[in-house]
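Engineer: Per my numbering: the sequence shown = residues 145 to 482.
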Amino acid sequence: MENINELRYAENKLKLWYNREMGKIINVLSVPYNSSIVFGKLISDLLQSNKKVVYVTNDYEENKELIKYIKEYQRNIKYSYLKNYNTTLEPGVLYFINSANLSVLKDDVELIIYDDITSFSNYSKLQIKEKVDNLYKFAHKIIVYSIEDVYRNMESMEISSINKLGPIIEPRAITTRINLEEDMPYILYEYLKWFKESKRKIVLHVPTEECGDKIYDLYTKKIKVLSDVKIIRFKERDEIKKIEKMLTMKNQPIMIITEYMGENLNNINDIDIIVINAENSRFDYKKIVYLCGKVGAREKYLGEVILISREVSDDMEKAKDITRYFNKLVWERGLLKV
145 MENINELRYA ENKLKLWYNR EMGKIINVLS VPYNSSIVFG KLISDLLQSN KKVVYVTNDY
205 EENKELIKYI KEYQRNIKYS YLKNYNTTLE PGVLYFINSA NLSVLKDDVE LIIYDDITSF
265 SNYSKLQIKE KVDNLYKFAH KIIVYSIEDV YRNMESMEIS SINKLGPIIE PRAITTRINL
325 EEDMPYILYE YLKWFKESKR KIVLHVPTEE CGDKIYDLYT KKIKVLSDVK IIRFKERDEI
385 KKIEKMLTMK NQPIMIITEY MGENLNNIND IDIIVINAEN SRFDYKKIVY LCGKVGAREK
445 YLGEVILISR EVSDDMEKAK DITRYFNKLV WERGLLKV
């Protein structure tokens, strides 16, 4: 943790919000993959007051980082992962629920935190709102942790990254009339030469399996600049074990071509990302922002997110606006590390 001042700021502001009678919901805006520990102090205070707290996550296990942090305040924290419909919630316990399984909650609780930040999100803003609306009657207070305001008429606060000092990567758009399944624009050719010489890892996202197969065939058989690069075709149905060993290789440029977007690739560190046919509807603004959050989330090296398309889509523009907004916040708070 590098940004202790931002952590304390968030903890104090959340405490002030919680202690006010007005305002049942607060939007907490932040960059993708930011830490969950911003809620640790508030959760600990409520558990020690024998309150019930529910933490909604996109993961399928307890948030270990959050539990470890709460233990600094409360060594004997009680927590459980709620999966069954017939479970009666006990006071003084923190319950984790997967965002796809919210119907298991039947009891009233003091606080619900909907975390759409700490892991990859497949839900749109509207889908999150619908989920939180269904939880509304069970909670005294609700926190929605997201990259944007889910509730426009409710209080909002913004926090920058707790994990590091510095900006989120802003996506760079490159437009071309070239059919990217048949050829490569010169600017991409030059970038890949640099990538190979720097022995980087790159994830190349494509919109469909068919496109991925064509790109793989093109890059392995026709593009000479990639002759010394280990190119891996990772399909949506593949298991991460297929590429884990290769990803541990050092001083070897590696490219992963995939239509998959999700948690399985989040453990790949020090990467750059290229999105082929980025104007495709598969790559909505939220997915692009999460790709930007993945690049350099915890590493010192700030990689790149390059969007290659025939035209700049509205989603590409919106993703750039969101990342720029968070970088403006970092600048205004003096959090850029020189």
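Glycine included, C-beta positions come from ideal geometry on N, C-alpha and C.
What's the gap between the Cα of residue 97 and the Cα of residue 318?
Structural biologist: The structure shown does not extend to residue 97, since the chain is modelled only from 145 to 482, so the question has no answer here.
Engineer: Work out the CA separation of residue 201 and residue 243 for me, nearest whole Å.
Structural biologist: For this step, residue 243 is matched to residue 99 along the sequence shown. For this step, residue 201 is matched to residue 57 along the sequence shown. C-alpha separation (whole angstroms): 6 Å.
Engineer: Which term fits residue 213, buried or exposed, when burial requires 16 or more other beta carbons within 10 angstroms of its beta carbon?
Structural biologist: By 1-based counting over the sequence shown, the position of residue 213 is 69. Flag for residue 213 reads buried.
Engineer: Within the same chain, show all residues whose beta-carbon is closer than 6 Å to that of residue 248, passing over the 5 residues directly before and after it, in chain order.
Structural biologist: In the sequence shown, counting from the first residue as 1, residue 248 sits at position 104. The residues are 226, 229.
Engineer: Decide if residue 402 is buried, meaning its Cβ has at least 16 other Cβ atoms within 10 Å, or exposed.
Structural biologist: Locating residue 402 in the sequence shown gives position 258, where the first residue counts as 1. Classification for residue 402: buried.
Engineer: Which stretch, first to last residue, makes up the beta strand (DSSP E) that contains residue 364?
Structural biologist: By one-based count along the sequence shown, residue 364 stands at place 220. No beta strand (DSSP E) contains residue 364, which is instead part of the alpha helix (DSSP H) from 353-365.
Engineer: Taking only runs of the alpha helix (DSSP H) that begin and end inside the region 233-294, which ones reach a length of at least 4 residues, in chain order?
Structural biologist: 269-279, all fully within the region 233-294.
Engineer: How far does the beta strand (DSSP E) with residue 316 in it extend, from its first residue to its last?
Structural biologist: For the purposes of this step, residue 316 is taken as residue 172 along the sequence shown, with counting starting at 1. 316-319 is the span of the beta strand (DSSP E), which, as asked, contains residue 316.
Engineer: According to DSSP, is residue 375 helix, strand or coil?
Structural biologist: Start at 1 with the first residue of the sequence shown, and residue 375 comes out as number 231. Looking at residue 375 - three-state DSSP - the assignment turns out to be strand.
Engineer: So residue 88 and residue 256 are supposed to be a Cβ contact under 8 Å. How far apart are they, rounded?
Structural biologist: In the structure as shown, the chain begins at 145 and stops at 482. Residue 88 is therefore absent and cannot be evaluated.
Engineer: Between which two residues does the beta strand (DSSP E) carrying residue 302 extend?
Structural biologist: Here residue 302 refers to the residue found at position 158 of the sequence shown. Residue 302 -> beta strand (DSSP E) spans 299-302.
Engineer: In its own chain, which residues sit with a C-beta less than 6 Å from the C-beta of residue 418, not counting the 5 before and 5 after it?
Structural biologist: As a working mapping, residue 418 is identified with position 274 in the sequence shown. Hits under 6 Å: 348, 450.
Engineer: If the criterion is Cβ atoms closer than 8 Å, does the pair residue 448 and residue 272 meet it?
Structural biologist: Locating residue 448 in the sequence shown gives position 304, where the first residue counts as 1. Locating residue 272 in the sequence shown gives position 128, where the first residue counts as 1. Contact: no.
Engineer: Leaving out the 5 sequence neighbours to the left and right, which residues in its chain are closer than 6 Å to residue 194 when beta-carbon positions are compared?
Structural biologist: Within the sequence shown, residue 194 is the residue found at index 50, counting from 1. Answer for residue 194: 235, 236, listed in chain order.
Engineer: Mapping the DSSP letters down to three states, classify residue 465 as helix, strand or coil.
Structural biologist: As a working note, residue 465 is residue 321 in the sequence shown. Looking at residue 465 - three-state DSSP - the assignment turns out to be helix.
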